[in-house]
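The structure under discussion appears below in the form of structure tokens.
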Amino acid sequence: MTDVSSIRVVLVDDHAMFRTGVRAELDTTVDVVGEAGDAQEAIKIILETQPDVVLLDVHLPGGGGVEVLRQVHPKAPDVRFLALSVSDAAEDVIGTIRAGARGYVTKSITGDDLVSAIARVADGDAVFSPRLAGFVLDAFAGGEAPSVDDDLDRLTQREREVLRLIARGYAYKEIAKELFISVKTVETHVSAVLRKLQLSNRYELTRWATDRRLV
Amino acid sequence: MTTAPTQPGADHHTRQQPPPDGAPPRFVRRSDGGLLGGVASGLAAHLGLEPLVVRVGFALLTAFAGFGAVLYVALWVFTPLDQKVYREEDEAAPAGVAAATRAGKRRRRSFVARTGDLGQLAALALLGAGVVGLMQLTPLGISPAVLIPLLLAGAGVALIWRTADEQERERMAALSPRAPWLAALTGNRGTAAVIRIVAGVTVITIGVVTFLAGQGQLDTTIDGLLGVIVVIGGLALIAGPWLWRLWRELEGERRERIISQERADVAAHLHDSVLQTLALIQKKAHDPRAVVTLARRQERDLRSWLYETEDTDATSFAAALKKAAAEVEDAHGVPVEVVTVGDSELDDARRALLRATKEAAVNAAKHSGADTVDIYAELMDGDVEVYVRDRGSGFDLNSVPDDRLGVRRSIIERMERHGGSASIRSAPGEGTEVRLSTRKDDS
Chain A
1 MTDVSSIRVV
11 LVDDHAMFRT
21 GVRAELDTTV
31 DVVGEAGDAQ
41 EAIKIILETQ
51 PDVVLLDVHL
61 PGGGGVEVLR
71 QVHPKAPDVR
81 FLALSVSDAA
91 EDVIGTIRAG
101 ARGYVTKSIT
111 GDDLVSAIAR
121 VADGDAVFSP
131 RLAGFVLDAF
141 AGGEAPSVDD
151 DLDRLTQRER
161 EVLRLIARGY
171 AYKEIAKELF
181 ISVKTVETHV
191 SAVLRKLQLS
201 NRYELTRWAT
211 DRRLV
Chain B
1001 MTTAPTQPGA
1011 DHHTRQQPPP
1021 DGAPPRFVRR
1031 SDGGLLGGVA
1041 SGLAAHLGLE
1051 PLVVRVGFAL
1061 LTAFAGFGAV
1071 LYVALWVFTP
1081 LDQKVYREED
1091 EAAPAGVAAA
1101 TRAGKRRRRS
1111 FVARTGDLGQ
1121 LAALALLGAG
1131 VVGLMQLTPL
1141 GISPAVLIPL
1151 LLAGAGVALI
1161 WRTADEQERE
1171 RMAALSPRAP
1181 WLAALTGNRG
1191 TAAVIRIVAG
1201 VTVITIGVVT
1211 FLAGQGQLDT
1221 TIDGLLGVIV
1231 VIGGLALIAG
1241 PWLWRLWREL
1251 EGERRERIIS
1261 QERADVAAHL
1271 HDSVLQTLAL
1281 IQKKAHDPRA
1291 VVTLARRQER
1301 DLRSWLYETE
1311 DTDATSFAAA
1321 LKKAAAEVED
1331 AHGVPVEVVT
1341 VGDSELDDAR
1351 RALLRATKEA
1361 AVNAAKHSGA
1371 DTVDIYAELM
1381 DGDVEVYVRD
1391 RGSGFDLNSV
1401 PDDRLGVRRS
1411 IIERMERHGG
1421 SASIRSAPGE
1431 GTEVRLSTRK
1441 DDS
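Taken in order, these protein sequences are the chains called A and B.
Be aware that the first sequence starts at 1, since it is given in the working numbering, and climbs by one per residue.
Be aware that the second sequence starts at 1001, since it is given in the working numbering, and climbs by one per residue.
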């Protein structure tokens, strides 16, 4: 893992109070290089500072986090995004991931967990909260419909096992121990799931996310 | 927790407008089933006919000097549109998501639009045209010198009048991301509106000119027209700004009213829940655990109000599980996180499973000392699997005396009585995980 203190982070959230809180929690561990309160400001600051990781609020004036992702991603593909939100609406979660975020955590996450999530995202890995893992399992569940694009539309047995353990509240290290594989392998599986989630044009996935608005 | 999605288009033939409190049903245009303006489908719903029958009727009536078309336009103008689509769209989105959408904090979902299909529309148009063509052969027909200008003028008028149909406009505007060319003809403001009106006026002018040319009166009319244009231009200069301001004021007032209604709804809810909780928290400030419990309960309540469409109904396993978790959380002040995959009805075996789950969660909350308890439930093809996990102190299963095991009696035995199974994994210092399951065949 890269040295945590060298990770450059930009905070994007429309609540100044929340930004202050997160900054206070993070400032001692990572390098917070900028803050923004709306989509346009965020795009500008991210392109200026080229941080390693952007902590991105999903609901943001000016089109939401998705807008930021859409505009920054093509111009700065190396900037990685970790979505941070109070909304657990499946539509938002899946929408943000599909727009290019490498992880989704809720704002109730503890400071330590947030730092390790940032480090993971900075390393190019994916961060799945138990709830996101549940969403993915639900979205990819059943419906083994024959499809041209099989690989992208289906989870492998192993990926499913990893996701189930994440949904059960296991940390990556615990999953590795449980399945007798290395942490690196767990990360590989999770990244593969993220890729499928982003690239699959599985019809059910989008429909599922729109239909489902559960917490 | 799975809400049955309203499927656009699937049921618009069968869904009737419920008359408000015994009042005779009003004839309204349908916002969700129409091909053009929803007149035919509205009329069909009103008369209890198939929309297609009414549509064909309109097409055939067009034979009589265009009576069908004129009738259609007249009904379109004089019949109000039902408000259903917009209400449904608003109701479908949970309050929190809707609010964020309104505030522009998330991208608006593209409107799932009209359900009518273009094929039917084209077929009906052809039918109408054919009938008109046939009538041309009889004495009832209209001479082409009148018909063609009439058609042109009609198209222009339709283009301009559609602007007047406000809901229509919004719907088209919502569609326009998918079909940019539509925006030019239907957009709300600015250049789009100008283009639309110019196009409409042009088509009408061509129609009028063709007609006059056909009648050989073009020259004389142009002179008169020039005078009229000058007068109208003058009037517009005088009254224009005033009319514009009046319109803006009306618009603003209407928006104000909508906002204040929304604010009243939100205020009522916040008062009943959030303010009460905040008052309680201040009173109990000396007791951190009580404060956490209150805050969690309030968060849960607000979250379900904001993001859940359907109220938890007790017949679904996932909903019942969430409720049980909430009870444990309230009783023991330890956050219980629930993740579910799939859902199913509650039957006896699953109810037993639910009680065992609750028992396991209570044990974890009471004895483990963990900060949170994670519950994961997976319901697939009738099989149910539930995991209750904490990262607390854990215990050595072998060292627990048989007689004091609440676990053994209430969890393992209960599950076995109902044909399920339970297993417990725990080690000192590593937390505990209880796995509960029932299979479809067992129940």
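Glycine included, C-beta positions come from ideal geometry on N, C-alpha and C.
Within 8 Å, strictly: CB atoms of residue i and residue j
i	j	result
I175 of chain A	V193 of chain A	no
V10 of chain A	V33 of chain A	yes
D125 of chain A	E187 of chain A	yes
V1053 of chain B	A1059 of chain B	no
V12 of chain A	V68 of chain A	yes
V1157 of chain B	I1206 of chain B	no
D1343 of chain B	S1316 of chain B	yes
A1422 of chain B	L1436 of chain B	yes
A1320 of chain B	L1346 of chain B	yes
G111 of chain A	E41 of chain A	no
P1080 of chain B	V1028 of chain B	yes
E1369 of chain B	S1393 of chain B	The question names Glu, yet the displayed sequence has Gly at residue 1369 of chain B. Cβ atoms of G1369 of chain B and S1393 of chain B: closer than 8 Å.
V1056 of chain B	L1127 of chain B	yes
P130 of chain A	G95 of chain A	no
L155 of chain A	K196 of chain A	yes
Helix, strand or coil at residue i [DSSP, three-state]
i	result
S1368 of chain B	helix
A1010 of chain B	The predicted position of A1010 of chain B is uncertain, since its pLDDT is 39 and thus under 50; a value taken from the coordinates is nonetheless stated next. Coil, per DSSP.
A1377 of chain B	strand
R1196 of chain B	helix
D1311 of chain B	Because the pLDDT at D1311 of chain B is just 48, under 50, the model does not fix this residue reliably, and the point stays unresolved.
G1342 of chain B	coil
S1041 of chain B	helix
G34 of chain A	strand
L155 of chain A	coil
G103 of chain A	strand
S182 of chain A	coil
V1112 of chain B	Residue placement at V1112 of chain B is poorly supported in this model, since its pLDDT is 43, which falls under 50; the coordinates are not used for a value here.
R1029 of chain B	strand
S87 of chain A	coil
R19 of chain A	helix
S1260 of chain B	helix
S1393 of chain B	coil
S1410 of chain B	helix
L132 of chain A	helix
P61 of chain A	coil
I1281 of chain B	helix
R1087 of chain B	With a pLDDT of 47 at R1087 of chain B, under the threshold of 50, the modelled position of this residue cannot be trusted; read the value that follows with caution. In the structure shown, R1087 of chain B sits in a helix (DSSP, three-state: H, G or I).
T1357 of chain B	helix
Q1016 of chain B	Here the model assigns Q1016 of chain B a pLDDT of 42, short of 50, so the residue's position is not dependable and the matter cannot be decided.
Among the options, the one whose alpha carbon lies nearest that of residue i
i	options	result
D138 of chain A	B:H1046, B:A1318, B:H1271 and B:P1288	B:A1318
R1351 of chain B	B:A1331, B:K1323 and B:V1373	B:K1323
D167 of chain A	A:V127, A:S108, A:V10 and A:D14	Per the sequence presented here, residue 167 of chain A reads as Ala, with Asp not at that position. Residue A:V127 is the option with its Cα nearest to A167 of chain A.
M1415 of chain B	B:G1214, B:V1384, B:G1057 and B:A1427	B:V1384
R8 of chain A	A:R70, A:D78 and A:T110	A:D78
E1329 of chain B	B:D1347, B:Q1298 and B:A1349	B:Q1298
S1273 of chain B	B:L1302, B:T1202 and B:G1252	B:L1302
S6 of chain A	A:R23, A:G21, A:T20 and A:V30	A:V30
A1331 of chain B	B:L1127, B:A1320, B:L1346 and B:N1363	B:N1363
W1305 of chain B	B:L1270, B:R1289 and B:D1287	B:L1270
Q198 of chain A	A:G62, A:A171 and A:I97	A:I97
V1386 of chain B	A:L165, A:V190, A:S108 and A:A171	A:L165
DSSP bridge partner residues for residue i (one or two, in chain order)
i	result
L1436 of chain B	B:V1386 and B:A1422
A1129 of chain B	Paired residues: none, contrary to the question.
F224 of chain A	Given a span of 1 to 215 for chain A in the structure shown, any question on residue 224 of chain A remains unanswerable.
V10 of chain A	A:G34 and A:V54
E1337 of chain B	B:D1374
V127 of chain A	A:G103
S1273 of chain B	Partner(s): none; S1273 of chain B has no beta bridge.
S1316 of chain B	B:E1345
- Message: If contact is defined by three or more beta carbon pairs under 8 Å, each pair taking one atom from either stretch, is the stretch 99-109 of chain A in contact with the stretch 81-89 of chain A?
- Response: yes
- Message: Tell me whether the stretch 109-123 of chain A and the stretch 51-69 of chain A touch, counting them as touching only if at least three CB pairs, one residue from each stretch, are closer than 8 Å.
- Response: yes
- Would you check if there are 3 or more beta carbon pairs closer than 8 Å linking the stretch 1368-1385 of chain B to the stretch 1329-1338 of chain B? yes
- Message: Using a Cβ distance threshold of 8 Å, determine whether the stretch 1235-1250 of chain B contacts the stretch 1260-1276 of chain B, with at least three qualifying pairs required.
- Response: no
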